[in-house]
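Trainee: Okay, here's the structure, questions in a sec.
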Amino acid sequence: MTGFEGVVSALGQALTKRGYTVLTPVQEAVLAPELRDSDVLVSAQTGSGKTVAFGLAIAPTLLDGADTMPRADAPLALAVAPTRELALQVKRELEWLYASTGAIVASCVGGMDMRAERMVLQRGAHIVVGTPGRLRDHIERGSLDTSGFKAVVLDEADEML
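Residues in the sequence shown are numbered from 36 upward in steps of one, following the working numbering.
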């Protein structure tokens, strides 16, 4: 049991392990019970914990009451970021946050080996983080199955308009 109200237990343990003692205001806000299973628009300062916030917010949907992720036939979540650097940062954050759930977090970003990305996707990823252009390439080539998405996050959406 963790002291983080509204947080999936496995993720609460990851927060504790990472040194969190309290949630940031944006993290608390996205966990409000009335927002469960809702579309949410979040605007907050850099460093406010938005990435962890969306990771926490989508966890109940992805885990569906379980402590670990099911076998990944198709990705369950997609996070889109405007730049390779941000996408890779988001991937790193989600990896530690979801580590104990067995989640496989894949990245699909320009400038990286597309074949290696395709192999990870074929083996099964629960969460895919990528940039718009590379994600489009994978979708058009049939290597990214979008049929299983339960959650989609547009990180820095204003930068992608």
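Where a beta carbon is used, it is the ideal one built from N, C-alpha and C, also for glycine.
Values in this document were obtained by computation on a predicted structure and should not be read as measured data.
If you reduce the DSSP assignment to three classes, tell me which class Ser142 lands in.
Mentor: strand
Trainee: With distances taken Cα to Cα, identify the nearest neighbour of Ala114 among Gln157, Asp172 and Leu123.
Mentor: Leu123
Trainee: List, from N- to C-terminal side, the beta strand (DSSP E) runs of 3 residues or more that fit wholly inside the segment 95-153.
Mentor: 112-115 and 140-143
Trainee: Excluding five sequence neighbours on each side, which residues of the same chain lie with their C-beta closer than 7 Å to the C-beta of Ala192?
Mentor: none
Trainee: Considering only their Cβ atoms, is the gap separating Ala92 from Leu66 smaller than 8 Å?
Mentor: yes
Trainee: For the alpha helix (DSSP H) that Gly82 lies in, which residues bound it at each end?
Mentor: That residue, Gly82, is in no alpha helix (DSSP H); it is neither H nor E in DSSP.
Trainee: Could you give the distance in angstroms between the alpha-carbon of Arg169 and the alpha-carbon of Ala109?
Mentor: Cα to Cα, the separation comes out at about 18 Å.
Trainee: Got a sec, what are the start and stop residues for the alpha helix (DSSP H) Ala64 sits in?
Mentor: Pro60 to Val65
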